[in-house]
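**Student:** For reference, the structure I am asking about is given below.
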């Protein structure tokens, strides 16, 4: 009769057990504390904007108001100070976003679907276009706008802002388009569809979330753009909200903090609403499940 010997349990790989040691727990606690501090750094300015907008005597320091009032909103809700600049900002942002999305789709389609000899170098040149600072090209752009009689023109400013957003939009659109299987277009081609029909009826419906991301990216960039409208638009009635916000900064360092906070809430509301609207319309991911039969 042989004696049965019990073998010791094999240690885990690397000699470390599955249980978390004290060092791992301390690292997690430290990481959570760092994330909490970062969250507070973002929450405190937002809380100041919300509280100061309802404080008639708001200052730069954070503090609860003695009396809640809507006097700041009543002071800024005028056509010249708020509604017209917000409308100009919407026209500039929506126009730039629409033009950029259309051109980016048309430019990204051949880059995504066809192998070209100089396609790689063209993409690198597009990427280089994203590295140029806007301040470095505004002097020749201003001279060009003067020669073309486009200075103080909303359409001219829209086209220029769309052109500055186009390099990054092409890269983003191409990456989204690469995720759409080309076999779906080949099936449409066998049915007699042209390349543009396949792009319009097959590719674009499947990459709606990607198009929404590109549009939001361009819209937000144009919405917060101060330098380009400030240089190219001279008339006060054509200035967007990003430029007219200077009306709350007086001389000798005096600032109407309460009105500035109220204006900031109204200024941020359209962008937040756009995020919610696009999220509900486009969905959370590409609807490619079941499109390709394995």
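Numbering (the UniProt record's numbering), first residue to last: 1 to 294.
The beta carbon of each residue, even a glycine, is placed where N, CA and C say it ideally should be.
#1: Could you pull out every residue in the same chain whose Cβ sits closer than 6 Å to the Cβ of residue 318, ignoring the five residues on either side in sequence?
#2: Going by DSSP, which residues form a beta bridge with residue 255?
#3: How many angstroms separate the CA atom of residue 187 from the CA atom of residue 140?
#4: Could you spell out where the alpha helix (DSSP H) holding residue 117 opens and where it closes?
#5: Skipping 5 residues on each side, what residues in its chain have a beta carbon closer than 6 Å to that of residue 138?
#6: Expressed to the nearest angstrom, what Euclidean distance is found between the alpha-carbon atoms of residue 150 and residue 123?
#7: Identify whether residue 69 lies in helix, strand or coil by the three-state DSSP scheme.
#8: Start and end of the alpha helix (DSSP H) containing residue 138?
#9: Alpha carbon to alpha carbon, how far is residue 168 from residue 268?
#10: On the premise that residue 111 lies in contact with residue 174, defined as a C-beta separation below 8 Å, what is that separation, rounded to the nearest angstrom?
#11: Can you tell me whether residue 171 is buried or exposed, with buried defined as 16 or more other CB within 10 angstroms of its CB?
#12: Return the chain-ordered list of same chain residues with a C-beta closer than 7 Å to the C-beta of residue 221, the five sequence neighbours on each side being excluded.
#13: Are the stretch 79-94 and the stretch 222-241 touching, with three or more C-beta to C-beta distances below 8 Å?
#14: Using the Cα positions of residue 249 and residue 28, report the straight-line distance between them to the nearest angstrom.
#15: Straight-line CA distance for residue 40 to residue 63?
#16: Select from 279, 273, 264 and 280 the residue whose C-alpha is nearest the C-alpha of residue 48.
#17: Which residue from 216, 212, 210 and 182 puts its Cα closest to that of residue 202?
#18: State yes or no: is the C-beta of residue 54 within less than 8 Å of the C-beta of residue 78?
#19: Would residue 237 be called buried (16 or more neighbouring beta carbons within 10 Å of its own) or exposed?
#20: Mind checking which residues open and close the alpha helix (DSSP H) that includes residue 175?
#21: What is the DSSP secondary structure of residue 110, reduced to helix, strand or coil?
#22: Would you mind reading off the limits of the alpha helix (DSSP H) that contains residue 208?
#23: Put residue 130 into one of helix, strand or coil per three-state DSSP.
#24: Do the stretch 126-133 and the stretch 204-216 meet, that is, are 3 or more Cβ pairs less than 8 Å apart?
#25: Under a three-way DSSP split, which group does residue 197 fall into?
#26: Among 132, 199 and 26, which one has its Cα closest to the Cα of residue 104?
#27: Helix, strand or coil, according to DSSP, for residue 52 in the structure here?
**Tutor:** This is what the structure holds:
#1: Residue 318 is absent from the model: the chain starts at 1 and stops at 294.
#2: What you label residue 255 is simply residue 255 of the chain shown in a count that begins at 1. Paired residue(s): 249.
#3: Taking the chain shown and counting its residues from 1, the one referred to as residue 187 is at position 187. Taking the chain shown and counting its residues from 1, the one referred to as residue 140 is at position 140. Roughly 48 Å separates the two Cα atoms.
#4: The residue labelled residue 117 in the question sits at position 117 within the chain shown. Run containing residue 117: none; DSSP gives neither H nor E here.
#5: Against the chain shown, residue 138 aligns to sequence position 138. Contacts found: 231.
#6: Locating residue 150 in the chain shown gives position 150, counting from the first residue. Locating residue 123 in the chain shown gives position 123, counting from the first residue. Cα-Cα distance, rounded: 30 Å.
#7: Within the chain shown, numbered from 1, the residue matching residue 69 stands at position 69. In the structure shown, residue 69 sits in coil (DSSP, three-state: anything other than H, G, I, E or B).
#8: One-based indexing of the chain shown puts residue 138 at position 138. Where residue 138 is concerned, the enclosing alpha helix (DSSP H) stretches over 134-147.
#9: As a position in the chain shown, residue 168 is number 168, starting the count at 1. As a position in the chain shown, residue 268 is number 268, starting the count at 1. Approximately 23 Å, taken between the alpha carbons.
#10: Start at 1 with the first residue of the chain shown, and residue 174 comes out as number 174. Start at 1 with the first residue of the chain shown, and residue 111 comes out as number 111. Contact holds; Cβ gap of about 5 Å.
#11: Within the chain shown, the letter at position 171 stands for residue 171. When all chains shown are included, residue 171 counts as buried.
#12: Locating residue 221 in the chain shown gives position 221, where the first residue counts as 1. Within the same chain, residue 221 has close Cβ partners 165.
#13: yes
#14: Taking the chain shown and counting its residues from 1, the one referred to as residue 249 is at position 249. Taking the chain shown and counting its residues from 1, the one referred to as residue 28 is at position 28. Taking the straight line from one Cα to the other gives about 44 Å.
#15: The residue you call residue 40 lines up with position 40 of the chain shown. The residue you call residue 63 lines up with position 63 of the chain shown. If I take the Cα positions, the gap works out to 16 Å.
#16: By one-based count along the chain shown, residue 48 stands at place 48. It is 264.
#17: In the chain shown, residue 202 corresponds to position 202, counting from 1. Ranking the options by Cα distance to residue 202, first place goes to 182.
#18: Here the question's residue 54 lines up with position 54 in the chain shown. Here the question's residue 78 lines up with position 78 in the chain shown. Contact: no.
#19: What you label residue 237 is simply residue 237 of the chain shown in a count that begins at 1. It counts as exposed.
#20: Counting from one through the chain shown, the residue named residue 175 turns up at place 175. From DSSP, the alpha helix (DSSP H) with residue 175 extends over 154-178.
#21: Along the chain shown, one-based indexing puts residue 110 at 110. Residue 110: helix per DSSP, three-state reduction.
#22: Taking the first residue of the chain shown as position 1, residue 208 is located at position 208. Note, residue 208: alpha helix (DSSP H), 208-223.
#23: One-based indexing of the chain shown puts residue 130 at position 130. Reduced to three states, the DSSP call for residue 130 is coil.
#24: no
#25: Taking the chain shown and counting its residues from 1, one reaches residue 197 at position 197. Looking at residue 197 - three-state DSSP - the assignment turns out to be helix.
#26: Numbered from 1 along the chain shown, position 104 holds the residue referred to as residue 104. The candidate whose alpha carbon is nearest that of residue 104 is 199.
#27: Along the chain shown, read from residue 1 onward, the residue named residue 52 stands at position 52. Helix at residue 52.
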